[in-house]
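Peer 1: From first to last, the protein sequence lines are chains A and B. Using my numbering, the first residue of the first sequence is number 91, and each one after it goes up by one. Using my numbering, the first residue of the second sequence is number 192, and each one after it goes up by one. Glycine included, C-beta positions come from ideal geometry on N, C-alpha and C. Predicted model only: the values in this text are computed from it and were never measured.
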Amino acid sequence: MDALDQLEPDNTPTMGSTSALPIPSVIVDDVHVIYRVLGATSKARSPASALRNVIGRKVRRVHAIRGVSFKAYQGQTIGLIGSNGSGKSTILKAVAGLLPVNQGAIYTRGQPSLLGVNAALLPDVSGEQNVILGCLAMGMSRDEAEEKVAGIIEFSGINERGDFGSLPMRTYSSGMAARLRFAIAVAKKHDVLLIDEALSTGDASFRHRSEERLEQLKREASTVVLVNHALDAIQANCERTIWLEAGVIQMDGPTRLVCEAYEKFMREKP
Amino acid sequence: MSEAVARDPYAGLTSQQVANWYGLRARGARPKLGEYARQVWRYRHFITTFASARVTSLYSKALLGRLWQAITPLVNALVYYLVFGVVLNTRANIENFTGYLVIGVFLFGFTQSIALAGVNSVSGNLNLIRSLQFPRASLPLAAALTQIKQMITAVGVLVAIIVVSGEQFETTWLLLLPVLILQVIFSVGLALGLARLGSNTSDVGQLMPFVMRTWLYASGVFYGVDTFDKYLPPIVAEILKANPLLVYIQLARDALLDTPLTGGSQPVVLWALAVGWAIVGGFAGFAFFWRGEQDYGRA
């Protein structure tokens, strides 16, 4: 257990520089996250019982992350696996700075971007306009954004069955919307990009495109952390994988070894 | 398991030492206020695009579409006319009651819609905040801009009603423009402040209707301002007369209506108050929102 936050040097990509040491972009140091759930003990069925809940509010504590430490380096794509409720999304949110940490510390290069399942932009405006908005929100100029629209739409593949780019996003299937969001997010270089379950959608050709794009981000020295239930997406993209179970890191190392151990664990689980 | 991992190249150093060495930071520090303002300016295209996209989406499911921009204030004015002008007859000593009432209703409506748009601008876009990094003030500003665009239509309707109510065009009408600009600056500050208050809890949204209703009654929208002097203790009346909305409404009436103002402060005092409220409200709202910058989107 003392070797938890360690890294296999063979998998450390060299940055083209002569520097022998990998450059960290995320440092997670003995982090604990405790959710405080207010008044979830009984359902308020009437205003009176709601008032009782407010007054006698019981706070329940859920210790979701229990002392997690790891370092992520530039040019690395890291998979994060674990069974349901193991704390994968929680640690991602904490790294993105969206959850306060109860103990320990997280250091990051720049502000990480978190690409979640529901990162919808505006459902009532067209996909193309959403692309422009997303690009502007990532700090591009208007010209730059307009220039990128066609490429992003093509990457997402939403126009494969007719001209969906000009239709409001609410008319999209969930898969199409997810692909478009992913395409927007990866249109820009990120220091740290956190992707929560957003890669499981799409056919073989979209998956191929996104794998290529992740490779490119890697070459641009981005650090990508990928959470996914499907191990094949992790295996295809990540050289390093961290396995979380009940808020504790079970294993951290080369994807192949970690996935083997994880699959064995899941098979033997009662 | 141990064969899966090897030595941490930074073993022996504390993570803080490593972080300092490579310039990593614990949760991005808040930029200075001036720098933040520059960041917001750099995101102006995002703000304007977001605002026009919202106008599109706002009316995309309404049959009458953007006609509602003009219909809503008209219907409001009609309701107030029936209740206060006809039923309660507060019009007694006001010469052009229609004009008087309509200016009040429209201007109050401007601030109200800008402020209310601010309340949910952060809490309603949590997904956007969580996935993309941009100065958060862009959201309340875009929401306010959406309302300001609608305001332009409404101002046209307002001026048309004033003409129909029997006023002749005079050069003083042009004073309406600076009044509205000052009012908008004040209202945007209010929207920013409310955006922060409403970012964490929906309680603020629930309270807003009552706050706005109270403010409406305190702004002399449908009765003469001299009513305050008549029925309230002098101190309360003076406080109410410094109320920013009352100030903007009175100045607009002074600009558009032929009859001189009854009750309330002199125009000079009103102008000073109008500028003061715009500066204080605008700046305080922006600074207050900025102080919460790092906490938006947090659970």
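(1) Give me the residue from Val348(A), Val315(A), Ala227(A) and Gly252(A) with the minimum Cα distance to Ile238(B).
(2) On the three-pair Cβ rule with 8 Å, is the region 170-179 of chain A touching the region 325-344 of chain A?
(3) With a CB to CB cut of under 6 Å and the five nearest residues on each side skipped, what residues in its chain are close to Pro103(A)?
(4) Which runs of the beta strand (DSSP E) spanning at least 3 residues fall entirely within the region 158-232 of chain A, listed in chain order?
(5) Should Leu304(A) and Asn327(A) be called a contact, given that it needs their Cβ atoms to be closer than 8 Å?
(6) Could you spell out the range, first to last residue, of the alpha helix (DSSP H) harbouring Gly337(A)?
(7) So, under 8 Å CB-CB, Ala277(A) and Ile243(A) are touching, yes? Tell me the CB distance rounded to an integer number of Å.
(8) Is any beta-carbon of chain B found at less than 8 Å from that of Leu111(A)?
(9) So, is the C-beta of Met228(A) closer than 8 Å to a C-beta in chain B?
(10) Following the continuous alpha helix (DSSP H) through Leu330(B), name the residue where it begins and the one where it ends.
(11) Can you tell which of Phe419(B), Ala244(B), Phe299(B) and Val274(B) has the C-alpha that lies nearest to the C-alpha of Trp406(B)?
(12) Output the distance between the C-alpha atoms of Val346(B) and Phe297(B), rounded to the nearest integer angstrom.
(13) What are the residues in the region 182-210 of chain A lying within 8 Å of chain B by C-beta distance?
(14) Are the C-beta atoms of Asp253(A) and some chain B residue less than 8 Å apart?
(15) Determine whether the Cβ of Gln325(A) lies closer than 8 Å to any Cβ atom of chain B.
(16) Tyr227(B) versus chain A: which residues are under 8 Å apart at the beta carbon?
(17) Reducing DSSP to helix, strand and coil, say where Gly214(B) ends up.
(18) Strictly by DSSP, which residues pair up with Pro344(A)?
(19) Could you have a look at His298(A) and say whether DSSP puts it in helix, strand or coil?
(20) Does the beta-carbon distance from Leu317(B) to Gly483(B) come in below 8 Å?
(21) Among Glu310(A), Ile324(A), Arg135(A) and Gly247(A), whose alpha-carbon lies nearest the alpha-carbon of Pro344(A)?
(22) Per DSSP, what kind of secondary structure is Glu353(A) in: helix, strand or coil?
(23) Since Leu431(B) contacts Val379(B) with CB under 8 Å, what's their CB separation in whole angstroms?
(24) Between which residues of its own chain and Phe296(A) is the CB-CB distance below 7 Å, once the five residues before and five after are set aside?
(25) Taking Cβ-Cβ distances shorter than 7 Å, what residues in chain B pair up with Arg232(A)?
(26) Should Met266(A) be labelled buried (16 or more other beta-carbon atoms within 10 Å of its own) or exposed?
(27) Run the CB neighbour count on Arg327(B), radius 10 Å, all protein chains shown included, and call it buried at 16 or more, exposed below.
(28) So, at 8 Å on beta carbons, what are the nonlocal neighbours of Leu257(A) in its own chain, with the 5 sequence-adjacent residues on each side left out?
(29) My guess is that Gly177(A) and Ile155(A) are in contact by the Cβ rule of under 8 Å, so how many angstroms apart are they, rounded?
(30) Rounded to whole angstroms, how far is the Cβ of Ser248(B) from the Cβ of Asp214(A), which I believe are closer than 8 Å?
(31) Taking 8 Å as the threshold (C-beta atoms), are Ile274(A) and Val382(A) in contact?
(32) Looking at the strands, I want to know which residues DSSP matches up with Thr313(A).
(33) Strictly by DSSP, which residues pair up with His153(A)?
(34) What are the partner residues of Asp119(A), as DSSP defines its beta bridges?
(35) Rounded C-beta distance between Thr180(A) and Lys308(A)? I'm assuming under 8 Å.
Peer 2: Checking against the coordinates, here is how it stands:
(1) Minimum Cα-Cα distance from Ile238(B) among the listed residues Val348(A), Val315(A), Ala227(A) and Gly252(A) corresponds to Ala227(A).
(2) yes
(3) For Pro103(A), the predicted model reports a pLDDT of 43, less than 50, meaning its position is unreliable and no value from the coordinates is stated.
(4) 167-171, 193-198 and 203-205
(5) yes
(6) No alpha helix (DSSP H) contains Gly337(A), which DSSP labels as neither H nor E.
(7) Not confirmed; about 11 Å, so no contact.
(8) yes
(9) yes
(10) Ser329 to Val355
(11) It is Phe299(B) whose Cα lies nearest to the Cα of Trp406(B).
(12) 8 Å
(13) Answer set for the region 182-210 of chain A: Lys183, Ala186, Gly187, Leu188, Leu189, Pro190, Ala195, Ile196, Tyr197, Thr198, Arg199, Gly200, Gln201, Ser203, Leu204, Leu205, Gly206, Asn208, Ala209 and Ala210.
(14) no
(15) Closer than 8 Å: no.
(16) Within chain A, no residue comes near Tyr227(B); the closest Cβ sits about 14 Å away, beyond 8 Å.
(17) coil
(18) Arg330(A)
(19) Correct three-state label for His298(A): helix.
(20) no
(21) Ile324(A)
(22) helix
(23) Going by Cβ atoms, the distance from Leu431(B) to Val379(B) rounds to 23 Å, so no, they are not a contact pair.
(24) Gly247 and Arg269
(25) His236
(26) buried
(27) buried
(28) Ser216 and Gly217
(29) 5 Å
(30) 3 Å
(31) With chain A running from 91 to 360 in the structure shown, residue 382(A) is simply not present.
(32) Thr313(A) is bridged to Val282(A).
(33) Ile124(A)
(34) Its beta-bridge partners are Ala195(A).
(35) The pair is not a contact, with the Cβ atoms about 25 Å apart (cut-off 8 Å).
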